[in-house]
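When you number the sequence shown by the numbering used here, it's gap-free, plus one each residue, and the end is 279. Note that the Cβ used here is the ideal one computed from N, Cα and C, for glycine as well.
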Amino acid sequence: MATATTEAVPAEVAIRRPKRPNAFLVKYDRYLYGAAGLLGFLTLWWLVINRGLIDSLYLATPQDTVKAFVSGLADGSIPADAGPSIQRAVIGFSIALVAGIVLGILVGSIPAFGKFAEPVLLFFRNLSLLALLPVFVAFLGIDEESKIAIVVWACFWPIFINAVGAVGGVERILINSARTLGAGRLYIFTQVVLPAALPSFFPGIRLAGANAFTALVAAELVGGAQGLGIYINNASYRMQTPQIYAGILTLGLLGVLVNALMAGAERYLTRWQRGLTTR
Numbered sequence: 001m002a003t004a005t006t007e008a009v010p011a012e013v014a015i016r017r018p019k020r021p022n023a024f025l026v027k028y029d030r031y032l033y034g035a036a037g038l039l040g041f042l043t044l045w046w047l048v049i050n051r052g053l054i055d056s057l058y059l060a061t062p063q064d065t066v067k068a069f070v071s072g073l074a075d076g077s078i079p080a081d082a083g084p085s086i087q088r089a090v091i092g093f094s095i096a097l098v099a100g101i102v103l104g105i106l107v108g109s110i111p112a113f114g115k116f117a118e119p120v121l122l123f124f125r126n127l128s129l130l131a132l133l134p135v136f137v138a139f140l141g142i143d144e145e146s147k148i149a150i151v152v153w154a155c156f157w158p159i160f161i162n163a164v165g166a167v168g169g170v171e172r173i174l175i176n177s178a179r180t181l182g183a184g185r186l187y188i189f190t191q192v193v194l195p196a197a198l199p200s201f202f203p204g205i206r207l208a209g210a211n212a213f214t215a216l217v218a219a220e221l222v223g224g225a226q227g228l229g230i231y232i233n234n235a236s237y238r239m240q241t242p243q244i245y246a247g248i249l250t251l252g253l254l255g256v257l258v259n260a261l262m263a264g265a266e267r268y269l270t271r272w273q274r275g276l277t278t279r
């Protein structure tokens, strides 16, 4: 009969337990990676100018841009132009949010209405915003109405398209289960369809928030007295390169702020699904 023999396992070949990741790195890895990426971008930006690859007449250095941004905040020129832009963006985005969600729900939940409206909607959603600028100006002039209308147009489509897909993509098993339990149409729509579709609304809403400011710059270039687009345009006429990029920096920071607000709203309104999905 064979006898089992045991031999001492050398320490150097002993199985080692995997090291547990640092708790700090796990908790803040998103911010650490983001900071590293931002630092790399700024370094590359500085090197491009420092090595003479791009003349500083066309691209300001990071330090000059920040200096112009701080000076613009201090003398009030940037807040004076940012205020009207934010107001136009908020009004246009709010109108687009209501219209996009309402029409998206109608098209997504009523197949006949969706089939009826599809050709018209498909035509308009593929029109270029720049091509429509003269139309908005012709009908609404160069005052606030045309600028807000341009923002509404740019924000409406992402919200509408996502709303249609969200409502139309609700699992049929959820609706059929509610019907089996005796639920009526109104209850199914408000308590089953809308909560299930809500998380899918937010990608379009966040994209629309970004579109609000990009479209606004184009709208403000058409005409007006105040706005970040006008601030950037005036700086370009004066060949004030740092001020140009200070205006662009302001737009970028506003976009980051809007995205953070949207992400917070999404986490709050969809908090019920935590632990149920990978989101």
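Under the three-state reduction of DSSP, Gln243 is assigned to helix. Under the three-state reduction of DSSP, Gln226 is assigned to coil, being neither helix nor strand. Membership of Tyr187 in the alpha helix (DSSP H) is indicated by the continuous run Arg185 to Ile188.
Between Ala197 and Val167, the gap from beta carbon to beta carbon is short of 8 angstroms. If one requires a minimum length of 4 residues, the alpha helix (DSSP H) runs lying completely within the segment 148-191 are 172-180 and 185-188, in chain order.
Counting along the chain, Arg51 sits inside no alpha helix (DSSP H), nor does DSSP assign it H or E at all.
Taken atom to atom, the span from the alpha-carbon of Ala263 to that of Arg271 is near 12 angstroms. Of the candidates Gly165, Val164 and Gln191, the residue whose Cα lies closest to the Cα of Ser177 is Gln191.
Taking 8 angstroms as the upper bound for CB-CB distance, Trp153 and Leu129 are in contact here, some 6 angstroms apart. Put simply, the backbone Cα of Arg206 is about 27 angstroms away from that of Arg172. Contact annotation: the segment 52-63 touches the segment 229-244, with at least three C-beta pairs closer than 8 angstroms. Listed in chain order, the non-local C-beta contacts of Leu106 below 7 angstroms within the same chain comprise Phe113, local neighbours out to five positions each way being set aside. Between the segment 247-263 and the segment 68-86, the count of Cβ pairs shorter than 8 angstroms is three or higher; the stretches touch.
For the pair Ile148 and Ala208, the CB atoms are not nearer than the 8 angstroms cut-off.
Straight across, the Cα-Cα distance linking Leu38 with Leu32 is about 10 angstroms. DSSP places Asn233 within a helical segment (H, G or I) once states are collapsed to three. Here Pro84 is buried. Its C-beta has 16 or more other C-beta atoms within 10 Å. DSSP places Ile86 inside the alpha helix (DSSP H), whose first and last residues are Ser77 to Ser109. Note that the C-beta distance between Gly223 and Ile91 is not below 8 angstroms. Inter-residue distance for Ser236 and Ala260 is about 30 angstroms (C-alpha atoms, whole angstroms). When DSSP states are grouped into helix, strand and coil, Gly141 belongs to the coil group.
Taking all protein chains in view, the Cβ of Asn211 is crowded by 16 or more other Cβ atoms within 10 Å, so the residue is classified as buried. In the displayed model, Thr43 falls within a helix according to three-state DSSP. A distance below 7 angstroms between beta-carbons, with the five flanking residues on each side excluded, links Gly255 to the following residues of its chain, in chain order: Ala210 and Phe213.
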